[in-house]
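Peer 1:
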Amino acid sequence: SVDLQGRTAVVTGAASGIGRACATVLAEAGAKVRVLDLDAERANEVAAAIGGEAHVVDLTDPHGGIRVADDADILVNNAGFQVVRPLEEFPPATFHQMLAVMVEAPFQLMRAALPHMYAQNWGRIVNVSSVHGLRASAFKAGYVTAKHALEGLSKVAAVEGGPHGVTSNCVNPGYVRTPLVEKQIADQAAAHGIPEQEVVEQVLLARSATKQLIEPGQVAELVLYLCSPAAAFINGASLTMDGAWTAQ
Ligand code: NAD
């Protein structure tokens with residue numbers, strides 16, 4: 458088991474889904490976890506459940522979280538959201554917001570945390586990217602662009618951080634059973650007039666060889682592994698967890 462006693466972890470978007478699962482496993486491994494989210498009620502609930510601290514921050518202001526991160530040993534950049542629209546109709550303000558939350562905020566949080574990580578010659582940055590950091594899908598201009606940019610940022614942090622004992626990696630899940638995806642399933646079922654199970658099997662998992670939604674805890678275990686001593690040489694990687702979607 459991974460021992461993170463004495464480590465402070467900042468997890469963004471930790472009030473729900475994958476972030477919540479990451480906050481939970483990191484706390485179980487002994488880390489002091491800061492639950493950063495814009496949803497105050499659920500952030501407080503998660504923090505109370507895991508014995509962590511809630512920090513209510515809206516990362517559409519990319520500077521919002523930097524004070525919370527300046528003594529972080531572990532930084533999990535997880536906050537994100539999805540908007541599905543054809544490119545020619547994609548609202549520019551939404552595009553900008555997606556880049557702010559999924560690229561600029563991780564950049565600002567890394568800037569804040571790296572001096573502390575370098576000073577102690579240890580740090581772990583995990584960026585929750587997506588299959589859409591490596592592949593495109595129609596109607597996801599903001600999301601695909603943001604996740605591809607996050608991939609680049611993660612690699613720069615890896616190259617610069619390596620000599621200072623800091624690793625930076627992306628995890629790249631396929632579809633995970635979270636509120637974000639449950640909303641997509643319900644929207645598409647309504648739009649196409651087909652049952653939700655059909656949306657899952659025919660639409661979302663059309664390119665997964667495993668044909669199952671991933672559970673948030675499975676992504677969290679991979680994030681925890683990246684914080685373990687065994688993963689010290691995994692740096693600058695993008696680890697897919699996608700039922701062989703990107704292998705095809
Ligand atoms: P979710 O909607 O369940 O949780 C996202 C959390 O981020 C929410 O608590 C939300 O309040 C928070 N958040 C959103 N915007 C924020 C902002 N401006 N400031 C602060 N917090 C904000 O979603 P999830 O499915 O758990 O997604 C988490 C991450 O995983 C996202 O980056 C998403 O792109 C990525 N991801 C999800 C899937 C999936 O299938 N669910 C697949 C691949 C990658």
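Numbering (this note's numbering), first residue to last: 458 to 705. We put the CB at the ideal spot given by N, CA and C, even for glycine.
(1) Quick one: what's Asp494 bridged to in DSSP?
(2) First and last residue of the alpha helix (DSSP H) that includes Cys627?
(3) I'd like to know if the stretch 605–615 and the stretch 500–514 are in contact, where contact means that at least 3 CB-CB pairs between them fall below 8 Å.
(4) Since Thr635 and Gly487 should fall inside the 8 Å C-beta cutoff, what is the C-beta to C-beta distance between them, to a whole number of angstroms?
(5) Run through the stretch 558–612 for me and flag every whole beta strand (DSSP E) of 3 or more residues, listed as ranges in chain order.
(6) Evaluate the contact criterion for the stretch 476–491 versus the stretch 548–567: three or more CB pairs, one atom per stretch, below 8 Å.
(7) How long is the line joining the alpha carbons of Ser587 and Trp702, rounded to whole angstroms?
(8) DSSP on Thr635, reduced to helix/strand/coil?
(9) Helix, strand or coil for Ile691? Go by DSSP, reduced to three states.
(10) Alpha carbons only, please: which of His520, Asp496, Asp527, Asp518 is nearest the one belonging to His512?
(11) For the ligand NAD, I want to know if Pro630 counts as a neighbour, meaning its beta carbon is within less than 6 Å of at least one of the ligand's heavy atoms.
(12) Identify the residues that DSSP records as bridge partners of Leu696: which are they?
(13) Who are the near neighbours of Asp460 in its chain, counting only those whose CB is closer than 8 Å to its CB and skipping five residues on each side?
(14) Pairs of beta-carbons, one from the stretch 564–571 and one from the stretch 651–670, closer than 8 Å: are there three or more?
(15) Thinking just about the alpha-carbon of each residue, which of Gln675, Gly470, Val541, Val656 is nearest to the one in Leu532?
(16) With a threshold of 6 Å on Cβ separation, who are the neighbours of Thr481 within its own chain once the five nearest residues in sequence on each side are excluded?
(17) Report yes if the C-beta distance between Val601 and Ala593 is below 7 Å; otherwise report no.
(18) Would you say Gly590 and Asn629 are within 7 Å of each other, going by their C-beta atoms?
(19) On a Cα-Cα basis, can you pick out the residue from Leu696, Gln539, Ala562 that is closest to Leu516?
Peer 2: On the basis of the data shown:
(1) Counting from 1 along the sequence shown, the entry for residue 494 is found at position 37. Per DSSP, the beta bridge partners of Asp494 are Val513.
(2) Residue 627 sits at position 170 when you count from the first residue of the sequence shown. Residue range 623–630 is occupied by the beta strand (DSSP E) that includes Cys627, with no alpha helix (DSSP H) assigned at that position.
(3) Touching, no, given that fewer than three Cβ pairs across the two stretches are closer than 8 Å.
(4) As a working mapping, residue 635 is identified with position 178 in the sequence shown. As a working mapping, residue 487 is identified with position 30 in the sequence shown. Contact between Thr635 and Gly487 is ruled out by a C-beta separation of about 25 Å, above the 8 Å threshold.
(5) Those beta strand (DSSP E) runs which fall completely within the stretch 558–612 and span 3+ residues are 580–585.
(6) Segments in contact, no.
(7) Numbered from 1 along the sequence shown, position 130 holds the residue referred to as residue 587. Numbered from 1 along the sequence shown, position 245 holds the residue referred to as residue 702. The alpha-carbon separation between Ser587 and Trp702 amounts to approximately 11 Å.
(8) In the sequence shown, residue 635 corresponds to position 178, counting from 1. Correct three-state label for Thr635: coil.
(9) Here residue 691 refers to the residue found at position 234 of the sequence shown. Here Ile691 carries a coil assignment [DSSP, helix/strand/coil].
(10) The sequence position of residue 512 within the sequence shown is 55, counting from 1. Nearest in C-alpha terms to His512, of all of His520, Asp496, Asp527, Asp518, is Asp496.
(11) As a first step, residue 630 is located in the sequence shown; it is residue number 173 there, counting from the start. Flag set: Cβ of Pro630 near the ligand NAD.
(12) On the sequence shown, residue 696 is found 239 positions in, with the first residue counted as 1. Under the DSSP definition of a beta bridge, Leu696 partners with Val628.
(13) Within the sequence shown, numbered from 1, the residue matching residue 460 stands at position 3. Excluding sequence positions up to five before and after Asp460, its CB lies within less than 8 Å of the CB of Ala486, Gly487, all in the same chain and listed in chain order.
(14) Judged by Cβ distances under 8 Å, the stretch 564–571 makes no contact with the stretch 651–670, as fewer than three pairs qualify.
(15) Working through the sequence shown from its first residue, we reach residue 532 at position 75. Nearest of Gln675, Gly470, Val541, Val656 to Leu532, Cα basis: Gly470.
(16) The count along the sequence shown starts at 1 and reaches residue 481 at position 24. Closer than 6 Å at the Cβ level, and outside the excluded window around Thr481, lie Ile507.
(17) Taking the sequence shown and counting its residues from 1, the one referred to as residue 601 is at position 144. Taking the sequence shown and counting its residues from 1, the one referred to as residue 593 is at position 136. Yes. Within cutoff.
(18) Mapped onto the sequence shown, residue 590 falls at position 133. Mapped onto the sequence shown, residue 629 falls at position 172. For Gly590 and Asn629, yes; Cβs fall inside 7 Å.
(19) Counting from 1 along the sequence shown, the entry for residue 516 is found at position 59. Answer by Cα proximity: Ala562.
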